[in-house]
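Below is one structure, written out as structure tokens, with a few remarks after it.
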Amino acid sequence: MYISPIRSKDKPDEPIVWGFGLACHAGATRDEIDDLLGARKLKDQWFWTGTNAPFEENQNFRLIEFSGKNWTGIGNTNDQITGEETLRQRFFNFCLLQTDGSQVLCVCNLQVMNLNHPESNILEKVIAVLNSIEFVNLPAHEN
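In this text, residue positions in the sequence shown follow our numbering: the first is 22, and each later residue adds one.
Dropping the structure here:
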């Protein structure tokens with residue numbers, strides 16, 4: 022859980038609290054990871070797996086690579102281009118791949134910014150939280 026220093030105009034005395042869940046996809050293949058990320062690279066161009074069409078320029082697709090103690094991360098951001106303009110979001114999709122193991126943790130469509138309020142951007146805070154993750158291999162349970 023993260024408590025944001027940003028306050029709502031409606032409730033300036035109440036902190037904004039947020040969190041997100043991670044889904045484990047042990048042994049996921051490259052194609053499965055691409056599907057979880059919602060993006061696939063073909064011939065130097067990124068395609069949205071939802072439509073198999075290239076990302077549009079106004080979606081502002083951005084690839085993000087990062088790493089932690091014993092994992093590498095791959096993710097992307099893209100902007101919502103349909104729906105009510107005042108509610109459009111920037112989404113972050115990512116997977117953390119265990120360095121010497123088969124564990125893969127992913128999140129799809131995490132809202133990290135309202136496009137009309139760039140000051141609401143929490144992407145760097147999310148990545149900071151991810152950097153605290155460490156995969157551990159528990160000893161086998163003896164019966």
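C-beta atoms are modelled at their ideal positions from N, C-alpha and C, and glycine is treated no differently.
Bear in mind the structure is a predicted one, so any value in this text is a computation, not a measurement.
Taking the alpha carbon of residue i as the point to measure from, which residue in the options has its own alpha carbon closest?
i       : options                            : result
Arg-51  : Leu-118, Asp-34, Phe-87            : Leu-118
Arg-135 : Val-125, Asn-99, Asn-152, Glu-155  : It is worth fixing the name first, because residue 135 is Asn in this sequence and not Arg. Nearest C-alpha to Asn-135: Asn-99.
Gly-59  : Ile-102, Ala-149, Ile-143, Asn-130 : Asn-130
Trp-39  : Glu-155, Val-150, Lys-30, Asn-79   : Val-150
Gln-124 : Asp-31, Ala-47, Ile-102            : Ala-47
Thr-103 : Glu-77, Glu-35, Lys-30             : Glu-77
Ile-54  : Asp-34, Leu-144, Asp-65, Ile-95    : Ile-95
Who does residue i pair with in a DSSP beta bridge?
i       : result
Lys-62  : Trp-67
Glu-86  : Ile-95
Ala-74  : Trp-69
Asn-135 : Gln-110
Within the same chain, show all residues whose beta-carbon is closer than 6 angstroms to that of residue i, passing over the 5 residues directly before and after it, in chain order.
i      : result
Ala-44 : Cys-127
Gly-89 : Asn-152, Ile-154
Asp-56 : Thr-70
Just to confirm before moving on: does the CB-CB distance between residue i and residue j stay below 9 angstroms?
i       : j       : result
Phe-87  : Ile-148 : yes
Thr-107 : Asn-137 : yes
Leu-84  : Trp-67  : yes
Ala-74  : Cys-116 : no
Compute the beta-carbon to beta-carbon distance between residue i and residue j, rounded to the nearest angstrom, for a pair I have assumed lies under 8 angstroms.
i       : j      : result
Asn-114 : Asn-97 : 6 angstroms
Enumerate in chain order the residues of its own chain whose CB-to-CB distance from residue i is below 7 angstroms, with the five nearest sequence positions on each side excluded.
i       : result
Gly-122 : Phe-156, Asn-158
Gln-110 : Gln-101, Gln-132, Met-134, Asn-135, Leu-136
Lys-93  : Note that residue 93 is Thr in the sequence shown, not Lys. Here the set comprises Leu-118, Thr-120.
Arg-61  : Asp-55, Phe-68, Thr-70
Asp-31  : none
Taking only beta-carbon positions, decide if residue i is within less than 9 angstroms of chain B.
i       : result
Leu-108 : Absent here is chain B; the protein component of the structure consists of one chain.
Taking 8 angstroms as the limit between beta carbons, can you name the residues of its chain near residue i, skipping five residues before and five after?
i       : result
Gly-42  : Val-128
Leu-144 : Thr-98, Arg-111, Phe-113, Val-133, Met-134
Thr-72  : none
Asn-142 : Arg-111, Val-133, Met-134
Asp-65  : none
Pro-33  : none
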